[in-house]
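Below is one structure, written out as structure tokens; comments come after it.
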């Protein structure tokens with residue numbers, strides 16, 4: 068009756084990948100320290116360190132000991148060893164960067180595009196831009212440890228293919244990893260933009276919080292969930308789909324999904340803009356709404372605050388269900404600032420039990436428009452430096 | 068910018084605990100097979116196997132090889148090595164069992180109790196019953212690998228103490244692990260009953276499903292969430308609290324939490340019984356409601372189906388948020404059978420996106436009233452046999 072799924076150990080105890088994991092904190096350590104921390108024999112540690120040095124992932128340097136004895140070699144993670152290509156593809160714009168293994172950008176490019184042009188021209192452009200950015204950063208294609216791509220649609224986790232993406236005509240079931248992998252000769256990971264932003268926000272701003280929800284409020288509404296420190300993708304990879312949850316005050320607003328009363332139909336940037344147009348205002352998008360709020364328009368301010376309340380009523384259910392310690396609100400409508408957040412807080416605190424909100428923080432995104440690129444780099448790094456992937460890669464390499 | 072939380076390896080690669088983890092599937096293996104599977108040197112495998120044999124957790128036996136060569140020793144997990152004490156404490160009854168390390172019961176006791184009697188008499192009884200059951204099973208207190216207890220109230224994960232439990236007067240902040248540990252000289256794990264039932268259902272019926280929600284519909288309503296194969300407890304341990312989510316058709320029904328429109332106020336066993344009393348029927352509890360449904364009472368049948376719909380509307384939000392592959396419905400009102408489930412299914416399928424319900428199963432609990440005890444044993448076993456706990460225990464033992 069015992070499940071296969073025992074609780075995973077907090078640190079894996081062996082393998083070259085596990086030595087590397089220990090070294091990721093940046094602190095140099097001696098062979099003796101590494102043996103002590105992993106419980107491995109020094110005779111086992113040495114060949115694994117050699118393999119990691121050979122792969123360029125760690126560097127060694129000798130230090131004179133204070134007691135005047137023989138110098139002891141210390142080993143440290145080398146974040147410059149390899150690079151990632153990280154891309155945030157939106158509906159109308161893209162951001163692409165080459166980063167080192169800490170996620171720090173070495174070369175960056177922003178561009179306008181139309182995702183509806185279809186996968187071939189967009190991904191050809193991405194591959195070409197990748198080569199240019201590698202050149203700008205003075206690196207080779209062979210330095211790439213992987214490519215991470217965030218896209219504005221639902222992604223099947225197991226294949227990296229989009230499934231019925233509503234705003235990406237021509238992309239359904241297209242093999243994004245194969246196309247990009249052929250052009251850049253590296254493993255390619257694809258996920259939806261909100262999951263990628265959640266990863267980025269978690270890694271950069273809240274690395275010590277195990278339970279976080281990232282909500283993106285833009286043309287649509289979606290969320291990415293960090294559970295137990297890891298991205299919760301769900302059985303098919305569709306987890307976090309807040310936009311089509313019934314909003315308690317959703318009424319009979321018609322949604323593009325075919326249902327009525329969805330959160331997205333009343334509180335998204337598109338829904339708020341439509342409401343303001345009915346009042347005779349010129350608002351085509353969430354950016355126009357933000358501009359009106361910043362200009363002090365009262366109707367826009369009230370509409371954004373009400374959108375915050377509607378989102379907060381759905382988030383209150385998420386709080387009861389998941390008990391997160393942080394909710395991060397991002398996306399273009401979040402740039403309206405405190406008005407949206409005030410509405411969210413009002414509803415969450417009214418509808419949640421005290422135990423769940425006692426230590427809950429509700430904040431705006433710190434990574435802002437960088438969240439997508441940072442998250443895509445994080446996705447690649449977390450995968451490429453995981454102990455099992457490192458061990459498998461070194462096992463395949465010639466001894 | 069790299070998070071500390073890299074994705075955990077699917078199998079840990081070394082340490083005695085990791086050898087044991089490999090052997091938990093029950094298949095005997097030779098030293099050579101174990102070395103190959105873990106990537107460890109045979110000289111490293113041998114002392115770790117010796118430690119596990121010394122601890123009684125694995126057994127070895129020699130087998131003649133078919134080629135007529137020297138017999139090779141094979142090593143296998145020994146589920147009889149140690150035992151757990153597993154307890155399911157309800158509001159008015161308890162079930163307690165001594166189990167082996169697969170969770171199979173060796174001796175069982177059921178009893179009526181009143182949880183409102185407070186922690187001292189209840190836990191004194193539990194310790195005494197534990198000693199009796201150990202004797203019945205022919206085992207010693209020193210054989211106990213741990214004690215697992217499910218309780219009908221919110222538990223602070225880090226301490227195992229209850230926090231403001233509504234139906235457990237006198238238990239608030241009481242140190243349950245210290246009290247029971249003093250009487251049974253073993254580590255004690257405490258969690259709320261629904262989390263424990265989710266663990267039990269996952270381990271016994273759905274071990275291969277990574278994403279599962281267990282909903283208990285009894286006097287109150289709660290849920291336990293399995294995310295990525297592990298229990299999702301949330302930041303304070305209050306995750307899964309479905310009962311106080313706003314029900315879309317909750318109206319202004321007053322809830323014992325002080326809010327209005329909570330799911331528990333319209334769809335719990337207590338709420339359905341109250342509705343039937345208003346219609347002149349004699350229904351004091353969810354068990355009375357189930358009896359009326361089984362007797363063919365139309366009002367009771369309709370009320371249970373409507374409760375199912377109300378629960379389903381809240382579960383639809385959970386499906387969008389978490390994308391589980393299985394929802395298990397348990398608890399005393401679930402014993403009304405297909406009526407409750409039909410209402411749940413109706414609402415979930417109406418309100419969820421096709422991608423999330425494509426492979427979703429909604430089923431009644433298979434472990435039934437055993438779920439609590441099975442889950443409490445599972446909780447102990449998963450903890451006690453985790454690689455880190457095993458390695459720490461062996462490191463402390465004299466060589």
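Residue numbers (this note's numbering), protein chains in the order written: chain A, 68 to 466; chain B, 68 to 466. Note that the Cβ used here is the ideal one computed from N, Cα and C, for glycine as well. As the structure is a computational prediction, the values presented were derived from the model and not from experiment.
Can you tell me the Cα-Cα spacing of residue i and residue j, whole angstroms?
i	j	result
residue 170 of chain B	residue 438 of chain B	11 Å
residue 93 of chain B	residue 176 of chain B	28 Å
residue 143 of chain A	residue 201 of chain A	25 Å
residue 86 of chain A	residue 427 of chain A	35 Å
residue 101 of chain B	residue 84 of chain A	19 Å
residue 161 of chain B	residue 191 of chain B	13 Å
residue 110 of chain A	residue 95 of chain B	28 Å
residue 127 of chain B	residue 89 of chain B	15 Å
residue 206 of chain A	residue 122 of chain A	16 Å
residue 403 of chain A	residue 269 of chain A	22 Å
residue 244 of chain A	residue 275 of chain A	31 Å
residue 145 of chain B	residue 444 of chain B	16 Å
residue 313 of chain B	residue 222 of chain B	23 Å
residue 252 of chain A	residue 461 of chain B	45 Å
residue 118 of chain A	residue 425 of chain B	45 Å
Is residue i buried or exposed, if buried means 16 or more other CB atoms sit within 10 Å of its CB?
i	result
residue 231 of chain A	exposed
residue 458 of chain B	buried
residue 327 of chain A	exposed
residue 172 of chain B	buried
residue 446 of chain B	buried
residue 260 of chain A	buried
residue 344 of chain B	exposed
residue 331 of chain B	buried
residue 305 of chain A	buried
residue 316 of chain A	exposed
residue 363 of chain B	exposed
residue 398 of chain A	buried
residue 225 of chain A	exposed
residue 114 of chain B	exposed
residue 321 of chain A	exposed
Any C-beta of chain D sitting closer than 8 Å to the C-beta of residue i?
i	result
residue 384 of chain A	Although the question refers to chain D, the structure presented lacks it and instead comprises the protein chains A and B.
Do you know whose CA, among the options, lies nearest residue i's CA?
i	options	result
residue 472 of chain A	A/339, A/388, A/129 and A/452	With chain A covering 68 to 466 only, the question about residue 472 of chain A has no answer from this structure.
residue 420 of chain B	A/128, A/318, A/309 and A/348	A/309
residue 300 of chain A	B/293, B/304 and B/300	B/293
residue 233 of chain A	B/198, B/405 and B/422	B/422
residue 334 of chain A	A/348, A/215 and A/379	A/379
residue 377 of chain A	A/415, A/186 and A/386	A/415
residue 365 of chain A	A/329, A/341 and A/348	A/348
residue 281 of chain B	A/247, A/311 and A/388	A/388
residue 198 of chain A	A/219, A/221, A/165 and A/212	A/165
residue 432 of chain B	B/255, B/235, B/181 and B/279	B/279
residue 405 of chain A	A/236, A/425, A/314 and A/374	A/374
residue 124 of chain B	B/240, B/215 and B/168	B/168
residue 189 of chain B	B/174, B/369 and B/158	B/158
residue 434 of chain B	B/239, B/272 and B/382	B/272
residue 291 of chain B	B/250, B/219 and B/247	B/219
Going by the beta-carbon positions, is the gap between residue i and residue j smaller than 8 Å?
i	j	result
residue 209 of chain A	residue 302 of chain B	no
residue 263 of chain B	residue 336 of chain B	no
residue 307 of chain B	residue 289 of chain B	yes
residue 353 of chain A	residue 285 of chain A	yes
residue 371 of chain A	residue 356 of chain A	yes
residue 267 of chain A	residue 441 of chain A	yes
residue 204 of chain B	residue 150 of chain B	yes
residue 107 of chain A	residue 152 of chain A	no
residue 237 of chain A	residue 287 of chain A	no
residue 155 of chain B	residue 140 of chain B	no
residue 163 of chain B	residue 196 of chain B	yes
task = Using a Cβ-Cβ cut-off of less than 9 Å, list which residues of the region 99-133 of chain B approach chain A; keep chain order.
result = 105, 106, 107, 108, 110 and 111
ask   = If contact means a Cβ-Cβ distance below 8 Å, which residues of the region 284-304 of chain A contact chain B?
value = 290, 292, 294, 295, 296, 297, 299, 300, 301, 302, 303 and 304
request  = Compile a chain-ordered list of the residues in the region 361-381 of chain B whose CB is closer than 8 Å to at least one CB of chain A.
outcome  = 380 and 381
task = Identify each residue in the region 209-238 of chain A for which the Cβ-Cβ distance to at least one residue of chain B is less than 8 Å, and report them in chain order.
result = 221, 230 and 231
task = Could you name the residues of the region 244-266 of chain A whose beta carbon sits closer than 7 Å to any beta carbon of chain B, in the order they occur along the chain?
result = none
message = Give me the subset of the region 420-438 of chain A whose CB atoms are less than 9 Å from a CB atom of chain B, sorted by chain position.
response = 420, 421, 422, 423, 425, 426 and 427
key: Short-range partners of chain A found in the region 388-399 of chain B, where Cβ spacing is below 8 Å   = 388, 389, 390, 391 and 392
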